[in-house]
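Undergrad: Quick one: the structure is below, questions incoming.
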Amino acid sequence: MNIQINNVLAALPCGGGFTVEARTIYISGGTVVSVGEKPEGFVPDREISGQNRFAIPGLVNSHTHAYMSLLRGCADDMPFNDWLFGRILPLEDKLLGEDFYWGSLLAACELIRGGATAYMDMYPAPEQSARAAHDSGMRAVLTRGLVGESRDDEGGLRRLREAENDMRTFAGCERLTFMLAPHAPYTCAPDYLRAVAEKAKELGVGIHTHASESLNEVETIRARYGCTPVEYFEKAGLFDLHAAAAHCVFLTDNDIDILHDKKVSVLTNPVSNMKLGNGFAPVPKLLERGVNVALGTDSAASNNNLNMLKELGYLTLVHKGVNGDAVSVSAAEGLKIATANGAKALALENVGELKAGMKADIAILDLTCVSMNPRADLISALAYSACGSEVETVIADGQILMENRELKTVDEERVLYESNKIYDRIK
Ligand SMILES: [Zn+2]
474 MNIQINNVLA ALPCGGGFTV EARTIYISGG TVVSVGEKPE GFVPDREISG
524 QNRFAIPGLV NSHTHAYMSL LRGCADDMPF NDWLFGRILP LEDKLLGEDF
574 YWGSLLAACE LIRGGATAYM DMYPAPEQSA RAAHDSGMRA VLTRGLVGES
624 RDDEGGLRRL REAENDMRTF AGCERLTFML APHAPYTCAP DYLRAVAEKA
674 KELGVGIHTH ASESLNEVET IRARYGCTPV EYFEKAGLFD LHAAAAHCVF
724 LTDNDIDILH DKKVSVLTNP VSNMKLGNGF APVPKLLERG VNVALGTDSA
774 ASNNNLNMLK ELGYLTLVHK GVNGDAVSVS AAEGLKIATA NGAKALALEN
824 VGELKAGMKA DIAILDLTCV SMNPRADLIS ALAYSACGSE VETVIADGQI
874 LMENRELKTV DEERVLYESN KIYDRIK
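Under this note's numbering, residues 474 to 900 are what the sequence shown spells out, in order.
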């Protein structure tokens, strides 16, 4: 299908930052074929008015657990260990096959409504998460969560087999790609990690993991292995592959050197880290060292939403406050972290910028919303004023997922009904 977005203010890449200019965007199939000049012979099947509208590259949520949207609001104001072991895991144990599908679609509704077009999902249930991502029309990197006590641990091997099965089942859908997700340093033994790294190499996929989220984790790993979580992963060979590590709140200078030298992306989750009382990743220091930093919400059980514009707001505010530095993580830097850097972390090619030749992943905001006026600086408005409800139309891979705030690929009413039914059963 050919889509033409007429004369819309657009956030275009410019010298490492952004410029906002009125352009007409031409989309053919899944690709932006021109931003400006009409391509020869281009005939639109659909035209979208750009009047009072603002087009941005689709936001990339680099770290979430989509199915956990079912657990939104069920464990708040609790210490990390009570939250995870006392509440979240026992509830999760009650979830059955299709529950994961509905939970993941609940997440998709929220992601699309918030202007996200791509996400990286760490999930435990075979098939259901991938099926939800497929049906939603979003671009997704599906990463099977893996835990294992040894190289021969039957559970650990089964999880690896399930990851491979999902890769085979959904191999025909270009929007879906895969990585392996060893869950965390404290749930994966050294030789299991080595087996995961070997398997990832064999399959030609990257690694998605959690690292240095809490002080307790850092102390546990130091007591067990005499090193930091980042050093532990490096020794196991995980960072010899394309790798992305969520959280990275507690980092030594040596950890930062390793992340830089091994080209590991850091997926920062400011709201989740705050809510669970873990602190903040040293984002300004990582950026200064040249580490690729991407932005994620983590799950709705620790956030409690998947609103990427809200997350962008926190990202661009907290480091100013924590470091006493009002120029730390600017709005433009934040938007790049939430788009192009995210695409890089997810190993997505031609994603994350609004220009010719890129995938047609675009969010269009309604500039008649009060929060976007006066139109002094729309990039600033995204970071400091927008709340997410400004997003009106969302296109991923050239397909319209939401138009005039109406979801096109997901039956939202059904998803809300099923989600509440599941929660009533497990609560
Ligand atoms: Zn996580």
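Just so it is clear, CB atoms sit at the ideal spot from N, CA and C, and this is done for glycine as well.
1) Quick one: residues in its chain with C-beta nearer than 6 Å to the C-beta of Ala906, no 5 flanking neighbours on either side, listed in chain order?
2) Short of 6 Å in beta carbon distance, which residues of its chain neighbour Ser507, apart from the five on each side in sequence? Order them along the chain.
3) Closer than 8 Å to a non-hydrogen atom of ligand 1 - does that hold for the CB of His733?
4) Residues in its own chain within less than 6 Å of Ala804 by CB, not counting five upstream and five downstream?
5) Measuring only the C-alpha atoms, how far is Tyr698 from Val883?
6) Do you know offhand how far Ser542's Cα is from Gly514's?
7) Considering only residues of the same chain and omitting the five flanking positions on each side of Val516, which have a CB-CB separation below 8 Å?
8) Between the Cα of Glu891 and those of Leu569, Lys735, Glu865 and Glu761, spot the shortest distance and give me the residue it belongs to.
9) Nearest-angstrom Cα distance between Asp850 and Arg545?
10) Tell me the DSSP secondary structure of Asn479 in three-state form.
11) Would the beta-carbon of Asp603 fall within 9 Å of that of Asp572?
12) Within the continuous beta strand (DSSP E) that includes Glu520, where are the two ends?
13) What's the C-alpha gap between Gly871 and Val505?
14) Take His681 as the anchor and find which of Phe753, Ala709, His715 and Cys661 has the nearest alpha-carbon.
15) Which residues in the same chain as Asn823 place their Cβ atom closer than 7 Å to its Cβ, once the five residues preceding and following it in sequence are excluded?
16) At a threshold of 8 Å, does Ala719 count as lining ligand 1 (C-beta to nearest heavy atom)?
17) Ignoring anything shorter than 4 residues or poking outside the region 823-896, list the alpha helix (DSSP H) runs there in chain order.
18) How many angstroms separate the CA atom of Gly618 from the CA atom of Pro655?
19) Would the C-beta of Met652 count as close to ligand 1, meaning under 8 Å from any of its heavy atoms?
TA: To lay it out plainly:
1) For the chain, the structure presents residues 474 to 900; residue 906 sits outside this window and is missing.
2) Only residues of its own chain outside the window of five on either side were considered, and among them Tyr499 and Ala829 have a CB closer than 6 Å to the CB of Ser507, listed in chain order.
3) Not under cutoff, so the answer is no.
4) The beta carbon of Ala804 lies closer than 6 Å to those of Thr789, Ile852, Ser853 and Ala856 in the same chain, with the five residues before and after it left out.
5) Straight-line measurement puts the Cα of Val883 at about 46 Å from the Cα of Tyr698.
6) Straight-line spacing of the CA atoms in Ser542 and Gly514 works out to 45 Å.
7) Correct list, in chain order: Asn475.
8) Taking only the C-alpha atoms, the option nearest Glu891 is Leu569.
9) Pairing Asp850 with Arg545, the inter-Cα distance amounts to about 34 Å.
10) Of the three classes helix, strand and coil, the one that applies to Asn479 here is strand, per DSSP.
11) For clarity, residue 603 is Ala in the given sequence; the question names Asp instead. Taking 9 Å as the cut-off, the beta carbon of Ala603 is found no closer than this to the beta carbon of Asp572.
12) Under the DSSP assignment, Glu520 falls in the beta strand (DSSP E) whose first and last residues are Arg519 to Ser522.
13) Rounded to whole angstroms, the separation of the alpha carbons of Val505 and Gly871 is 8 Å.
14) It is His715 whose Cα lies nearest to the Cα of His681.
15) Once the five neighbours on either side are set aside, the close Cβ partners of Asn823 are Gly830, Met831 and Lys832.
16) Yes; taking the cut-off as 8 Å, the Cβ of Ala719 has a heavy atom of ligand 1 nearer than that.
17) As far as the region 823-896 is concerned, its whole alpha helix (DSSP H) runs of at least 4 residues are 851-857.
18) Distance between the alpha carbons of Gly618 and Pro655: 6 Å.
19) Because no heavy atom of ligand 1 lies under 8 Å away, the Cβ of Met652 does not count as near it: no.
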